[in-house]
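J.: Take a look at the following structure, please.
There are 2 protein chains.
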Amino acid sequence: MAGDGTIGKACDVLDQVASFGRPARFAELLDGSDFPKATLYRFLQSLTNQGMLHYDPDRQTYSPGMRLVRLAHAAWTQNSLAPIARPFLDALSSETGETVHLAQLDSGQVLYVDKRNAQRPVEMYSEAGKVGPAYCTGVGKAMMAFLEEERLQKTISQQSFHRFTDKTLTSEQALRDDLAAIRSRGYAVDDEEHEPGIICIACPILTEGGRVLGAISVTGSTGRMDFNQLEAWVPRVRRVAEQIGTEAQAWRFPESQKNRMQAT
Amino acid sequence: MAGDGTIGKACDVLDQVASFGRPARFAELLDGSDFPKATLYRFLQSLTNQGMLHYDPDRQTYSPGMRLVRLAHAAWTQNSLAPIARPFLDALSSETGETVHLAQLDSGQVLYVDKRNAQRPVEMYSEAGKVGPAYCTGVGKAMMAFLEEERLQKTISQQSFHRFTDKTLTSEQALRDDLAAIRSRGYAVDDEEHEPGIICIACPILTEGGRVLGAISVTGSTGRMDFNQLEAWVPRVRRVAEQIGTEAQAWRFPESQKNRMQAT
DNA sequence: AACAAGGTTCCATTATTTGGAACTACTAAA
DNA sequence: TTTAGTAGTTCCAAATAATGGAACCTTGTT
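Okay, structure coming up:
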């Protein structure tokens, strides 16, 4: 897919292993890969050596390695909006009583970095890191609407436009029209475009300069509420998005607190 | 450090950026790196292109990228013991009322993959992914004690033997003696070796074949309890460790549930 | 305007990756 | 026990990508 020399290829292999959804054998990876046998083999070796992959000698399978978890922890704390947004999400969740999502854009997809589930206690890791489509989710469209044209172009080209429901927008034009509406309105709606019965409103999180950092959404179900009820939350959500954006901006160089570890 | 060609070097760069603890500028990374300017520059470019790093154009800083979070999610669900261990940790936590850790070994360090904090509600992502020393923690020693000699050798060579407290084991010999005791006893203890006032007991999680998968620990503080009280939990912890090991073994090839995403 | 520091690009040299093919290890059938 | 087949691993000359010194921008400072 991408072509950053060896690094790009290695990342492709990582993705392939990860997307398998379960530990995969060499042969399984081989067909599904464009690389020749020996090449793929050496990549798997190197990545395993590095801990980016894990090799189970009993079952002879490869799976994503724990080094990724360690690195992701750093990404999470340093780079995502999650640490900043956490208190805001807590507040928004308890005020609305609805499900709240915090997402960022990653390779044209929506990456959920945090979530508050109205019903159950927080179940973080199982949600953080999950991905979803951008063209048919509130958060996805909210972010796309405020991308500069070049990045938007690229992002749109990465959409599958798969029809999840009969309300899903399935053409670039339909999407672009909606994005224009979102821009003027300041928030996005998902009207059962991804899942029947699920509606949501979402606001982008922007820097002062207008760069897209992420988005937050409040989700409801058509069974319990209609759009009017949900849209009543828009001003609140927008304000929270702005606050998060401002704080993210301000949070320039916090104390260099190198990885301490208290636990035993 | 390691030398798997380009991949190894790229991973080193990733680690370097991650260990910075905050978004880092090019120059900062440059001195702290063995790579020449142009080389480091190209690595950062490629990794950024791939989403393994994130470049903030406003501040001109690099930080770990969100692609890592996505990959880590796969690692977490497919490879770690956490999904299997979750219910057991819940049970152990509520029974003991103490802090419970689940850890795995990663590059000679203890990687905490899950945690139950007695006091507060679960706060997952902020704990998962953190690392700690192996030679002076219960979980670390429990795992090391059951490694085969070759891996143990390598792991020991990766220990810093920094003296955290006056009870810290600071020599290979002292550690090896303790590991022998752990092997015969079946569980490890941390007697304020990492932090004053913090004690813990830990059991390894092994496959039937005796391969080390991870470890679990129950932690207490000298203020509230002594070792006798803590060691009363050993049989329970050991049984849980065995159960997790057995389930992990059995969990060969679960339904290939490719990344679905329900959320909106 | 001159300078400095941080960042980026160039390109001939050097070192690494590449991948077809040969080889080994295991498993199933004859 | 032999044979055939499949999965995994190693080899090495050719092809390709990484390297890094030096020149070159760009931005902010005296």
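Note that the protein sequences, when read in sequence, are chains H and X.
Read in the numbering used here, the first sequence has 253 at position 253, and its numbers run on one by one without any break.
When you read off a place in the second sequence, starting at 1, and then add 1000, the result is the number in the numbering used here.
Every residue, glycine too, gets a C-beta built ideally from N, C-alpha and C.
Keep in mind that this is a model prediction, so the values were computed, not measured.
#1: Rounded to whole angstroms, what's the CA-CA distance from residue 1192(X) to residue 1137(X)? Just pull it up for me.
#2: Counting only beta-carbon separations shorter than 7 Å, does residue 7(H) have a partner in chain X?
#3: Does the Cβ of residue 73(H) have 16 or more other Cβ atoms within 10 Å, making it buried, or fewer, making it exposed?
#4: Do you know how far the Cα of residue 69(H) is from the Cα of residue 1018(X)?
#5: Going straight from the alpha carbon of residue 45(H) to that of residue 67(H), what length do you get?
#6: Could you say if the region 1081-1099 of chain X and the region 73-85 of chain H meet the contact criterion of at least three C-beta pairs nearer than 8 Å?
#7: Helix, strand or coil, according to DSSP, for residue 190(H) in the structure here?
#8: Quick one: what's residue 1115(X) bridged to in DSSP?
#9: Quick one: Cα of residue 115(H) to Cα of residue 215(H), how far?
#10: Measure the CB-CB distance between residue 243(H) and residue 207(H) and report whether it falls below 7 Å.
#11: Could you tell me whether the region 1160-1180 of chain X touches the region 97-113 of chain H, where touching means 3 or more Cβ pairs closer than 8 Å?
#12: Among 1043(X), 1081(X), 1024(X) and 1029(X), which one has its Cα closest to the Cα of residue 1063(X)?
#13: Quick check on the burial criterion: 16 or more other C-beta atoms within 10 angstroms. Buried or exposed for residue 95(H)?
#14: Report the rounded CA-to-CA distance for residue 1154(X) versus residue 1117(X), giving the unit in angstroms.
#15: I'd like the list of long-range same chain contacts for residue 194(H), defined as Cβ closer than 8 Å, with 5 residues on each side in sequence excluded.
#16: Pull up the distance between the alpha-carbon of residue 189(H) and that of residue 1085(X), whole angstroms please.
#17: Classify residue 155(H) as helix, strand or coil using the three-state DSSP reduction.
#18: Short check: CB of residue 221(H) to CB of residue 101(H), under 7 Å?
#19: So, is residue 1058(X) buried or exposed, given that buried needs 16 or more other C-beta atoms within 10 angstroms?
#20: Output the boundary residues of the alpha helix (DSSP H) element that contains residue 1068(X).
#21: What number of angstroms, rounded off, separates the C-alpha of residue 173(H) from the C-alpha of residue 198(H)?
#22: In angstroms with no decimal places, state the Cα-to-Cα distance between residue 162(H) and residue 1060(X).
#23: I need the DSSP call for residue 276(H), collapsed to helix, strand or coil.
#24: Quick check on DSSP: helix, strand or coil for residue 6(H)?
#25: Should residue 120(H) be labelled buried (16 or more other beta-carbon atoms within 10 Å of its own) or exposed?
#26: Taking residue 1196(X) as the reference, which of 1223(X), 1178(X) and 1211(X) has the closest Cα?
#27: Return the CA-CA distance between residue 13(H) and residue 1071(X), expressed in angstroms with no decimal places.
#28: With a cut-off of 7 Å, does the C-beta of residue 97(H) fall near any C-beta of chain X?
#29: Using the three-state DSSP reduction, which class does residue 196(H) fall into: helix, strand or coil?
#30: Going by other Cβ atoms of all chains shown within 10 Å of its Cβ, with 16 needed for buried, is residue 1144(X) buried or exposed?
#31: Between residue 1132(X) and the ligand GDP, is there a pair consisting of the residue's CB and a ligand heavy atom that are separated by less than 6 Å?
#32: Can you tell me the Cα-Cα spacing of residue 1040(X) and residue 26(H), whole angstroms?
#33: With DSSP as the reference, label residue 1232(X) as helix, strand or coil.
#34: Using a Cβ-Cβ cutoff of 9 Å, what residues of the region 16-40 of chain H are near chain X? List them in chain order.
#35: By the 10 Å Cβ neighbour count, where 16 or more other Cβ atoms means buried, how is residue 1184(X) classified, buried or exposed?
#36: Which partner residues of residue 214(H) appear in the DSSP bridge assignment?
T.: Let's see:
#1: 9 Å
#2: yes
#3: buried
#4: 12 Å
#5: 15 Å
#6: no
#7: strand
#8: 1101(X)
#9: 12 Å
#10: no
#11: no
#12: 1024(X)
#13: exposed
#14: 32 Å
#15: 132, 133, 136, 137, 164, 165 and 168
#16: 38 Å
#17: helix
#18: no
#19: exposed
#20: 1066-1079
#21: 23 Å
#22: 37 Å
#23: With chain H covering only 1 through 264, there is no way to say anything about residue 276(H).
#24: helix
#25: Note on residue 120(H): pLDDT 49, under 50, position unreliable in the model; no value is reported.
#26: 1223(X)
#27: 11 Å
#28: no
#29: coil
#30: buried
#31: Of the ligands one can find in the structure shown there are none, so the ligand GDP has no counterpart to examine.
#32: 32 Å
#33: coil
#34: 17, 18, 19, 20, 21, 22 and 23
#35: exposed
#36: 205(H)
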